[in-house]
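According to this note's numbering, the sequence shown is numbered sequentially starting from 53.
Where a beta carbon is used, it is the ideal one built from N, C-alpha and C, also for glycine.
Everything numeric in this text was worked out from a predicted model, so none of it was measured.
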Amino acid sequence: MSQRAVARLAKRLDEAEEANESMEIGEEMRHLTLQVISEALMSLTAEEADGTFAKVYMPIVVEGHMRTWNPLRRFCPLLPGWWAHIKNQRILNDYITGIIRARWEIIRKERDQAAGATNGVADGNGSGGTADGKDSYPHLGRKRDILDKVLDSLEPGEWGSAAVLQIRDEMKTFVLAGHETSASMLNWSLFELMGSKDLMAKVVAESEQVFGHAVPLTAPLPSAEKLRGLQFTEACLRESLRKYSLVPLVVRRCVEDTTICEEGGTEHFIPKGCSVHLLIKGVHERPDIWPEPMRYNPDRFMETPVAPYTFLPFIDGPRNCLGQHLSLLESKVVLSLLVNRYEFSLVNSNAGEPNAWMIPTIPKYGTHITTKRRSGR
Ligand code: HEM
53 MSQRAVARLA KRLDEAEEAN ESMEIGEEMR HLTLQVISEA LMSLTAEEAD
103 GTFAKVYMPI VVEGHMRTWN PLRRFCPLLP GWWAHIKNQR ILNDYITGII
153 RARWEIIRKE RDQAAGATNG VADGNGSGGT ADGKDSYPHL GRKRDILDKV
203 LDSLEPGEWG SAAVLQIRDE MKTFVLAGHE TSASMLNWSL FELMGSKDLM
253 AKVVAESEQV FGHAVPLTAP LPSAEKLRGL QFTEACLRES LRKYSLVPLV
303 VRRCVEDTTI CEEGGTEHFI PKGCSVHLLI KGVHERPDIW PEPMRYNPDR
353 FMETPVAPYT FLPFIDGPRN CLGQHLSLLE SKVVLSLLVN RYEFSLVNSN
403 AGEPNAWMIP TIPKYGTHIT TKRRSGR
């Protein structure tokens with residue numbers, strides 16, 4: 053999926069190079085990661101991800117960000133875009149609900165067929181999952197995505213409007229959590245690599261070792277074992293997660309009276325019901341843990357293992373990020389394939405300035421780049 057998405061982006065980069073134009077790579081990365089997550093979740097095509105999905109989803113996200121800072125926007129129908137927001141939400145909800153219902157029909161029929169094949173009984177209501185977690189109906193040969201797995205886990209009789217609503221909202225959470233963050237990590241990593249010839253050379257060398265020279269974007273990817281060789285590339289991604297703390301803080305509600313104790317022994321009482329803001333960014337910028345915290349130094353992640361609770365881009369413990377492994381795997385393949393094929397140059401000198409109002413942390417003025425195909429690629 054990542055490779056196909058890179059191939060689509062490469063086409064656009066080639067066209068821009070030919071036309072001698074620059075591109076804002078952040079927006080391109082957003083489309084790329086949206087395509088990947090939409091395919092992984094619901095088998096949407098790139099056109100579907102870029103079409104209905106991106107067209108209504110992205111404006112909803114932008115309005116959501118504005119409402120975080122100005123919650124009163126929700127109550128102001130006279131604001132431009134207020135009605136469009138409601139309309140977009142309705143279109144998105146109907147769109148995802150339609151996909152879920154259509155898929156359930158397919159699964160129901162598959163279950164009927166499978167039940168008919170095994171014992172001649174077709175109730176269409178049994179659970180599709182197996183005890184060992186494997187796909188229940190491999191003989192049907194259909195590619196299965198995350199939505200299939202979710203629907204397979206429904207117990208008999210659980211299907212209905214409430215289930216559809218819950219699955220719809222979970223799919224929306226996955227799409228939101230799963231594309232903006234990865235896009236931002238890729239964006240910052242590329243920005244830092246463009247600023248350091250040495251680091252870029254190391255990432256390119258690693259890419260050539262794993263993928264070879266002039267890798268065609270349609271060739272089969274190397275084995276998972278070989279992809280593990282992209283260690284320095286992964287360290288660069290991790291260092292971007294640390295330096296830019298894409299999700300700078302998370303909030304938790306204290307479910308019982310709690311006392312926490314600082315290293316020096318000072319105690320703090322937190323009453324049940326309090327909201328606790330956990331400042332991830334604060335941890336990532338502590339000089340006693342991360343010397344010279346504002347220096348981009350991927351070697352931090354190549355040396356000693358990272359101490360527990362000092363690197364928290366995905367949070368640790370219950371409710372941590374479900375997509376962290378997917379995200380790092382997807383992103384290291386994307387970054388490595390891109391630098392293998394292109395030399396990147398930064399156009400705007402203000403690209404390093406983060407937008408203080410957005411989560412995930414993104415560049416305030418975008419990252420405008422030009423590319424040059426590496427010779428022979
Ligand atoms: C660089 C990439 C990513 C970063 C930095 C990131 C970060 C986080 C963080 C900090 C949380 C906890 C939020 C909170 O509790 O307030 C979270 C939750 C979550 N993430 Fe990610 N994430 C990334 C990629 C992804 C991807 C690719 C997916 C989906 C495939 C994903 C799915 C989720 C989901 C579903 C949750 C909610 C988990 C729950 O509440 O139980 N994330 N993520």
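Using DSSP's beta-bridge definition, name the partner residues of T423. The residue labelled residue 423 in the question sits at position 371 within the sequence shown. The partner list for T423 (beta bridge, DSSP) reads F396.
Is it buried or exposed, H83, if we count other Cβ atoms within 10 angstroms and call 16 or more buried? Taking the sequence shown and counting its residues from 1, the one referred to as residue 83 is at position 31. Looking at its Cβ environment, which holds 16 or more other Cβ atoms inside 10 Å, H83 is buried.
Quick one: grab the DSSP three-state call for R126. Counted from its first residue, the sequence shown places residue 126 at position 74. Three-state DSSP puts R126 in a helix.
Got a sec: does ligand 1 put a non-hydrogen atom nearer than 8 Å to the Cβ of C306? For the purposes of this step, residue 306 is taken as residue 254 along the sequence shown, with counting starting at 1. Look at C306: its beta carbon is at least 8 Å from all of the heavy atoms in ligand 1.
Quick one: what's C306 bridged to in DSSP? Numbered from its first residue, the sequence shown carries residue 306 at position 254. C306 pairs with nothing; no bridge assigned.
Tell me which residues share the same chain as Q65 and place their Cβ nearer than 6 Å to its Cβ, disregarding the 5 neighbours each side in the sequence. The residue given as residue 65 occupies position 13 in the sequence shown. Reading the sequence as shown, one finds Leu at residue 65 and not Gln. Within the same chain, L65 has close Cβ partners T423.
Opening and closing residue of the beta strand (DSSP E) in which H329 lies: Taking the first residue of the sequence shown as 1, we reach residue 329 at position 277. Residues 327 to 331.
Candidates L61, R142, G230: closest to S379 by CA position: Your numbering for residue 379 matches position 327 in the sequence shown. Measuring from the Cα of S379, the nearest candidate turns out to be G230.
Whole angstroms is fine: what's the gap from Y189's alpha carbon to S248's? Taking the sequence shown and counting its residues from 1, the one referred to as residue 189 is at position 137. Taking the sequence shown and counting its residues from 1, the one referred to as residue 248 is at position 196. Any reading at Y189 must be qualified, since the residue scores a pLDDT of 44, below 50, and its modelled position is unreliable; no value is offered.
Can you list, in chain order, the residues of its chain whose CB lies under 7 Å from that of L364, leaving out five sequence neighbours each side? As a working mapping, residue 364 is identified with position 312 in the sequence shown. Once the five neighbours on either side are set aside, the close Cβ partners of L364 are I332, V335.
How would you call M354, buried or exposed, if buried means at least 16 neighbouring beta carbons within 10 angstroms? What you label residue 354 is simply residue 302 of the sequence shown in a count that begins at 1. M354 comes out exposed.
Between L251 and L387, how many whole angstroms is the CB-CB distance? I'm expecting something under 8 Å. By one-based count along the sequence shown, residue 251 stands at place 199. By one-based count along the sequence shown, residue 387 stands at place 335. At roughly 12 Å, the Cβ-Cβ gap does not stay under 8 Å, so L251 and L387 are not in contact.
My assumption, with CB atoms under 8 Å, is that R153 sits in contact with V216. Please give the rounded CB distance. Translated into positions along the sequence shown, residue 153 becomes position 101. Translated into positions along the sequence shown, residue 216 becomes position 164. Correct: roughly 7 Å between the Cβ atoms.
Neighbour-count burial assignment, A183, 16 or more Cβ in a 10 Å radius: Stepping through the sequence shown from its first residue, residue 183 is reached at position 131. Low per-residue confidence applies at A183: pLDDT is 36, beneath 50, and the placement is therefore not dependable, though the value from the model is reported in the following sentence. Counting Cβ neighbours within 10 Å, A183 comes out exposed, since fewer than 16 surround it.
Apart from the five residues just before and just after L390, which ones in its own chain have a Cβ nearer than 7 Å to its Cβ? Looking up residue 390 in the sequence shown gives position 338. Residues V58 of the same chain have their beta carbon placed closer than 7 Å to that of L390, with the five preceding and five following residues left out of the count.
Chain-order list of residues whose beta-carbon lies under 8 Å from that of P350 (same chain, five-residue window excluded): Counted from its first residue, the sequence shown places residue 350 at position 298. Excluding sequence neighbours, P350 sits near L251, F284, A287, C288, R290, E291.
If contacts are defined as beta-carbon pairs under 8 Å, then R426 and E69 qualify, I think. What distance do you get, rounded to the angstrom? As a first step, residue 426 must be located in the sequence shown, where it is residue number 374. As a first step, residue 69 must be located in the sequence shown, where it is residue number 17. Not quite, the Cβ-Cβ distance comes to about 12 Å (not below 8 Å), so this is no contact.
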